[in-house]
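Colleague: Numbering-wise, the sequence shown is residues 2 to 271 according to this note's numbering.
Take a look at the following structure, please.
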Amino acid sequence: MTSIDVAGRTRTYTAVTPEDGDFKRVLLVFHGSKQNGAAFRRFSGNAFDRLSDTAVVYLDGYRKNWNDARAASAFPARAENIDDVAFAERVADRVADGRPVYAAGFSNGGAMVIRLLHERPDLLAGGAVISAQQPAPDNFLLPDAPVVAKPVLLFHGTKDRIVPYGGGEMARWAQFAFKVGGAMLSAPETAAYFAQRNGITAPPLTVDLPHRGGRTTVSRTDYRQDGRAPVTLYTVHGGGHTVPGEKPSPALMGRTGSDVHAAEAIEELF
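This is how it looks when you write it as structure tokens:
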């Protein structure tokens, strides 16, 4: 674990680099609420550690959460106005040394990636959002953010009980437990939102992925157009609030999709 000073506050992160120390890009990883970087590594089965030619940097949120883009957030990071954007900037500057920087986040961390895509698009070459959605207009902190096209990957389970696939507000128990509220777009609306930002006017194409086994299936919806940054939504049918991949999440989080592995899909994004 490495410490860094950000606006007079000590923040921490863990960088996992290839054995030979050589890498072509940096992936900033933002954990979910009530986690830290180490917990997310376990939660995801260390799958991101194995990305080739990549320095994977797990950032630790303030009191296990992030100051994300939702106006109705009430996390400690929001209540204390923690500058997580500056934290991401400082870590990227220190680790990347001019290499491309991508960001991936789960849940609250995915909402943090959405904030970075709007507030600091110049920092990122692309983003991956897992189990999180674009806030509805009246719940969005950055309505006047500049529109800068970036490739975006989205992953969401249709049986997510914490961040509903169909959008709207989280269940009351989840709002209380996670200290966040406000409405969100649905997962398909979020994909369409980023496609529109990227200037894509062609209709999306949806295909079903080969079934690897288990009790979930996955469809992939691509927004693609020549000369435009692509957007892809992986819908995990029957999946919960999880990171798709080999390692099943705890049962209370719902089923984990195995027909797509988030880490592998992010590697394709590179």
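Using N, Cα and C, we set each Cβ at its ideal position, and we do this for glycine too.
All values derive from a computational prediction rather than experimental measurement.
Whole beta strand (DSSP E) runs in the segment 118-198 with 3 or more residues, listed along the chain?
Modeller: Runs found: 127-131 and 153-158.
Colleague: Given a cut-off of 8 Å, decide if Ala188 and Leu118 are closer than it, judged by their beta-carbon atoms.
Modeller: Here residue 118 is taken as the residue at index 117 of the sequence shown, counted from 1. Here residue 188 is taken as the residue at index 187 of the sequence shown, counted from 1. Not a contact, by the Cβ cut-off of 8 Å.
Colleague: By how many angstroms is the C-alpha of Tyr224 removed from the C-alpha of Pro204?
Modeller: Within the sequence shown, the letter at position 203 stands for residue 204. Within the sequence shown, the letter at position 223 stands for residue 224. Their Cα atoms are separated by approximately 7 Å.
Colleague: Touching or not, the segment 148-167 and the segment 251-266, by the rule of three or more beta carbon pairs under 8 Å?
Modeller: Verdict: yes, contact present.
Colleague: Enumerate in chain order the residues of its own chain whose CB-to-CB distance from Ala39 is below 6 Å, with the five nearest sequence positions on each side excluded.
Modeller: Counting from one through the sequence shown, the residue named residue 39 turns up at place 38. Same-chain partners within the cutoff: there are none.
Colleague: Take the Cβ of Val92 as the centre, count every other Cβ of all protein chains shown within 10 Å, and call the residue buried at 16 or more, exposed below.
Modeller: Working through the sequence shown from its first residue, we reach residue 92 at position 91. It is buried - the Cβ of Val92 has at least 16 other Cβ atoms within 10 Å.
Colleague: In this structure, how does DSSP classify Ala230 when only helix, strand and coil are distinguished?
Modeller: Here residue 230 corresponds to residue number 229 of the sequence shown, with the count starting at 1. Looking at Ala230 - three-state DSSP - the assignment turns out to be coil, as it is neither helix nor strand.
Colleague: According to DSSP, is Gly38 part of a helix, a strand, or is it coil?
Modeller: In the sequence shown, the residue the question calls residue 38 occupies position 37. In this structure, Gly38 counts as helix in the three-state DSSP scheme.
Colleague: Assess contact between the segment 168-187 and the segment 201-218, defined as three or more Cβ pairs (one per stretch) separated by less than 8 Å. Is contact present?
Modeller: The segment 168-187, when compared against the segment 201-218, does not touch it at the 8 Å Cβ threshold.
Colleague: Does the segment 210-227 come close enough to the segment 168-178 that 3 or more CB-CB pairs lie under 8 Å?
Modeller: Segments in contact, no.
Colleague: May I ask which residues mark the beginning and end of the beta strand (DSSP E) holding Phe88?
Modeller: Start at 1 with the first residue of the sequence shown, and residue 88 comes out as number 87. Where Phe88 is concerned, there is no enclosing beta strand (DSSP E), although the alpha helix (DSSP H) it sits in stretches over Asp85 to Ala97.
Colleague: What is the C-beta distance between Asp84 and Ala8, in whole angstroms, given that I count them as a contact (C-beta under 8 Å)?
Modeller: Here residue 84 refers to the residue found at position 83 of the sequence shown. Here residue 8 refers to the residue found at position 7 of the sequence shown. Their Cβ separation, rounded to whole angstroms, is 6 Å, which keeps Asp84 and Ala8 in contact under 8 Å.
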